[in-house]
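Written below as structure tokens is the structure these notes are about.
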Amino acid sequence: MSLKSCFCRCAPQHLTNLCGSKSCSVWITEPVFVVAGHLGCPTQALRKPRGTYSRQKAVLVILCASISQCRRFDYRPKTDPYCQARYTFCPTGSAIPIMKEEDVIEVYRLQAPVWEFKYGDLLGHLKIMHDAVGFKSSLTGKNYTMEWYELFQLGNCTFPHLRPGMEAPFWCNQGAACFYEGIDDAHWKENGTLVLVTTISGTMFNEMAKWVRHDNETGIYYETWTVQASPDKQSVVWFDSYECSKFILRTYQKLADLGAVFKKIQTNYTSIILFSGEPVYLGNETSIFGPVGNKTLAAAIRDFYYPFKPHRTVREFFVDLLKIIDRVILSHQFYLFYNLEYWFLPMKFPYLKIIYEEVPLPTGIKTSFDV
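Residue numbers for the sequence shown follow this note's numbering, beginning at 55 and rising by one.
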């Protein structure tokens with residue numbers, strides 16, 4: 055059983071029951087079918103099991119405990135007016151059209167540096183890439199783009215606001231899907247990738263659209279970080295990220311489940327990884343910051359997040375950067391908010407790494423044997 059397979063992917067029912075999750079993926083919102091949600095998939099791992107277990111059951115519990123799982127929600131909560139985006143989310147978003155069954159639709163892999171529209175290929179040199187998927191209808195000749203990203207930009211999804219008069223950190227961390235007509239060829243081609251990966255029928259497209267709506271309505275929080283025990287490829291992954299590339303990977307897998315046959319081309323994706331010993335569960339907002347919460351722990355969490363605030367001056371930035379280095383690298387401390395719960399990460403070398411790693415295109419229907 056592969057550790058990674060229990061992550062943010064829709065697993066067979068017997069495995070999702072075993073690992074303590076109903077399903078995997080998230081998003082939802084506006085009438086146009088744009089979705090919102092950020093802040094990481096929740097995890098059921100690392101909790102101390104109650105009662106007694108046989109050795110065999112204990113092994114299964116440990117496996118699931120070492121795995122992050124995408125938490126699903128019954129509905130997407132309304133966003134707080136306090137949360138504001140510098141760049142409007144999905145400004146040209148539209149409903150996903152119903153395609154004719156006999157249509158032949160080309161599916162394109164789209165990838166470009168994050169914030170390419172503002173900084174060009176700057177972040178591309180660091181392999182910090184954004185992923186999307188494109189479609190072209192042979193009957194109408196129309197092109198479409200679909201992507202999943204933060205409602206209120208990456209910083210808000212990664213770190214909270216410390217608002218006056220509020221004990222708990224305030225998060226603006228929803229992420230969502232965005233579907234709109236057109237493919238900006240220049241944006242994707244100039245510094246990134248625009249390549250045909252498969253062809254599907256109109257029927258398959260319509261089935262995918264139903265899945266996308268469900269995925270968007272039940273998966274709502276963006277999570278920047280992947281947290282691993284070490285840089286080794288077979289390392290335990292404590293928490294998996296939940297961002298644009300994960301949505302694209304889920305979409306490709308859904309198309310494969312529907313019968314799409316993908317080309318044999320190399321596909322790489324960006325991950326931002328924190329390295330940590332076994333995480334320690336701390337509690338949720340109520341248990342930590344509520345009336346009978348742990349005031350010492352609450353103060354420590356707020357103090358940790360304070361240097362990550364937006365900065366108005368260069369001096370302020372470097373002062374807080376030194377505080378971050380002292381806390382994360384010298385003191386080996388990091389507080390992670392994941393699945394609406396707080397975890398303490400005992401950080402270890404190399405602390406943080408950005409990787410651009412190959413994840414192959416799916417080769418067929420995902421079965422329990424894959425997991």
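Heads up, the beta-carbon is just placed ideally off N, CA and C, and yes, glycines get one too. Please read all numbers here as calculations on a predicted model, not as lab measurements.
Here Leu164 is actually not in contact with Ala139; their C-beta atoms are around 22 Å apart, not less than 8 Å.
Secondary structure of Glu412 (DSSP, three-state): strand. Ser255: not part of any alpha helix (DSSP H); member of the beta strand (DSSP E) spanning Thr247 to Ser255, first to last residue. Within 10 angstroms of the beta-carbon of Lys264 lie fewer than 16 other beta-carbons, which makes it exposed. With a cutoff of 8 Å on beta-carbon distance, Pro400 and His386 are scored as near each other. Ranked by how close their Cα comes to the Cα of Gly174, the residues Trp397, Glu261 and Lys243 have Lys243 in first place.
Leu176 and Val315 have their C-alpha atoms spaced approximately 34 Å apart. Closest in alpha carbon position to Phe143, among Leu208, Ser191 and Gly418, is Leu208. Counting along the chain, Val158 sits inside no alpha helix (DSSP H); it lies in the beta strand (DSSP E) bounded by residues Val158 to Pro167.
With fewer than 16 other Cβ atoms inside 10 Å of its own Cβ, Thr146 counts as exposed. Burial of Phe388 is indicated by the presence of at least 16 other C-beta atoms within 10 angstroms of its C-beta.
In terms of Cβ geometry, Tyr198 and Glu235 form a close pair [threshold 8 Å]. Under the three-state reduction of DSSP output, Cys211 falls in the helix class. Residue burial annotation: Thr252 is buried, with at least 16 other C-beta atoms found within 10 angstroms of its C-beta. Residue environment for Val161: buried (at least 16 other C-beta atoms within 10 angstroms of its C-beta).
Within 10 angstroms of the beta-carbon of Val290 lie 16 or more other beta-carbons, which makes it buried.
About 5 Å separates the beta carbons of Phe233 and Ile150, which is inside the 8 Å limit, making them a contact pair.
The C-alpha of Ser148 is placed about 44 Å away from the C-alpha of Leu376. The Cβ atoms of Glu411 and Cys298 lie no closer than 8 Å to each other.
Going by DSSP, Lys308 is part of no beta strand (DSSP E) but of the alpha helix (DSSP H) stretching over Cys298 to Asp311. Distance from the CA of Phe171 to the CA of Ala240, rounded to the nearest whole angstrom, comes to 10 Å. Between the alpha carbons of Ile379 and Asn270 lies a distance of about 36 Å.
Collapsing the DSSP output to three states places Ile319 in coil. Going by beta carbons, Leu193 and Lys154 fall inside the 8 Å limit.
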